[in-house]
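One structure below.
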Amino acid sequence: MIYEDPRAYLLGLEGIALLRAFTGEFDRDFVEARIAEIRRVLADEALANAAVEVDRVDTVTGYRVWSATYDQPNSAFDIDEPVVKQIVDSLPVGVALDAACGTGRYAEFLAGRGHRVIGVDGSPDMLARARTKVPQGEFLLGDLTGLPVADAEVDLVVCALALTHVPALEPVMAEFARVLRPGGHLVIADMHPERVAQGAVPSVRSADGRPGRLSAHRHLIGDYLRAALAAGLQVRRCEEPPLPARTRPAPADQTDTLGTLGPWELWPWCLADMVPDATQAATAGAPAQVIWHFQLGES
Numbered sequence: 193m194i195y196e197d198p199r200a201y202l203l204g205l206e207g208i209a210l211l212r213a214f215t216g217e218f219d220r221d222f223v224e225a226r227i228a229e230i231r232r233v234l235a236d237e238a239l240a241n242a243a244v245e246v247d248r249v250d251t252v253t254g255y256r257v258w259s260a261t262y263d264q265p266n267s268a269f270d271i272d273e274p275v276v277k278q279i280v281d282s283l284p285v286g287v288a289l290d291a292a293c294g295t296g297r298y299a300e301f302l303a304g305r306g307h308r309v310i311g312v313d314g315s316p317d318m319l320a321r322a323r324t325k326v327p328q329g330e331f332l333l334g335d336l337t338g339l340p341v342a343d344a345e346v347d348l349v350v351c352a353l354a355l356t357h358v359p360a361l362e363p364v365m366a367e368f369a370r371v372l373r374p375g376g377h378l379v380i381a382d383m384h385p386e387r388v389a390q391g392a393v394p395s396v397r398s399a400d401g402r403p404g405r406l407s408a409h410r411h412l413i414g415d416y417l418r419a420a421l422a423a424g425l426q427v428r429r430c431e432e433p434p435l436p437a438r439t440r441p442a443p444a445d446q447t448d449t450l451g452t453l454g455p456w457e458l459w460p461w462c463l464a465d466m467v468p469d470a471t472q473a474a475t476a477g478a479p480a481q482v483i484w485h486f487q488l489g490e491s
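Each number in the working numbering comes from the position in the sequence shown (counting from 1) with 192 added on.
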């Protein structure tokens, strides 16, 4: 069970902003404004009674719910796709595995580039949508730690926005290396550990309306690197694309009050809009995702 108190998130943003001020990024007026805003957060009665107990939801259950709306506009796709597509376009055409393929977002792209596509996912609901989207692909039910793919069967593995859901990277990286041919390529896009730490985890509601968050694990940059190197994968590229610039919401009519608390489904993003100056200071220049290009050694 996760206890989500909106005050904890708001005060966390204020704290990050104040730490950046402490190291010289902002002036005295900014610090005083943050402290005054903290007092308003603590005095807000609506916030004091708004905490929500949230279930931890496994990926199969969560993606069964999310599959119906997964392909709707998603700002995360705008961040990873330009880099991933640039990397893939530089590689030779061959057999490509879309690992944790979801509804076939990258399977469709890979097939369009001429690859023979295999898609693997643990969600039957996601796979059903992928098969409709990419009828020429081969889609299999499976887990990232036990891919239903033969040794050295593929030239390329793409895995996008999935590894934060696995507790350990080592067995997954070992599986990717197992199915790759010598010299094959692995392209990974994942939520950056800073974003995971700040609550950027998908929300779902169960059939009876209970709030839930998909299981998420904060893998440090070094965790990816150590797991990849141990599996014989060599680094070819690493990118940390930043969050897009936020559009500051219109100021409230009263400067001594906070904005309206949005619905839980929009937490934490709508919470960030309640303290826009602190949010801007806490997130400016922060990475949104980490994108890796590895290559398996020839020997």
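Even for Gly, the Cβ is constructed at its ideal location relative to N, Cα and C.
Query                                                                                                                                     : Result
N-terminal and C-terminal residue of the alpha helix (DSSP H) that Ala238 is part of                                                      : 237-240
Where the beta strand (DSSP E) containing Cys351 begins and where it ends                                                                 : 346-352
Alpha carbon of Gly216 to alpha carbon of Val223, nearest angstrom                                                                        : 11 angstroms
Pair within 8 angstroms by beta-carbon distance, Tyr201 and Pro460                                                                        : yes
Residue environment, Val285, which counts as buried when at least 16 other CB atoms sit within 10 Å                                       : exposed
One or two residues paired with Arg248 in a DSSP bridge                                                                                   : Arg405
First through last residue of the beta strand (DSSP E) which encompasses Ser376                                                           : Checking the displayed sequence, the identity of residue 376 turns out to be Gly instead of Ser. Counting along the chain, the beta strand (DSSP E) containing Gly376 begins and ends at 372-383.
Pairwise C-alpha distance: Val287 and His307                                                                                              : 6 angstroms
Same chain, Cβ closer than 6 angstroms to Cys293, five either side skipped, listed in chain order                                         : Ala299, Gly311, Asp313, Ala322
Distance, Ser407 Cα to Asp415 Cα                                                                                                          : 18 angstroms
Gly544, enclosing alpha helix (DSSP H) - first and last residue                                                                           : For residue 544 there is no data in the structure shown, the boundaries of the chain being 193 and 491.
Burial state of Met466, where buried means 16 or more other Cβ atoms lie within 10 Å                                                      : buried
Met193 burial status per 10 Å Cβ neighbour count (16 or more: buried)                                                                     : exposed
Exposed unless 16 or more other CB atoms sit within 10 angstroms - verdict on Ala444                                                      : Low per-residue confidence applies at Ala444: pLDDT is 48, beneath 50, and the placement is therefore not dependable enough to give any value.
Rounded C-alpha distance that separates Leu348 from Arg226                                                                                : 48 angstroms
Trp459 in three-state terms, based on DSSP                                                                                                : coil
Continuous alpha helix (DSSP H) stretch holding Ala299: start and end                                                                     : 297-304
Contacts around Glu386, its chain only, beta-carbon distance under 7 angstroms, and the 5 residues preceding and following it disregarded : Ala478, Pro479
Which residues DSSP lists as bridging Gln278, in chain order                                                                              : DSSP, once it has assigned bridges, lists no residue as partnering Gln278.
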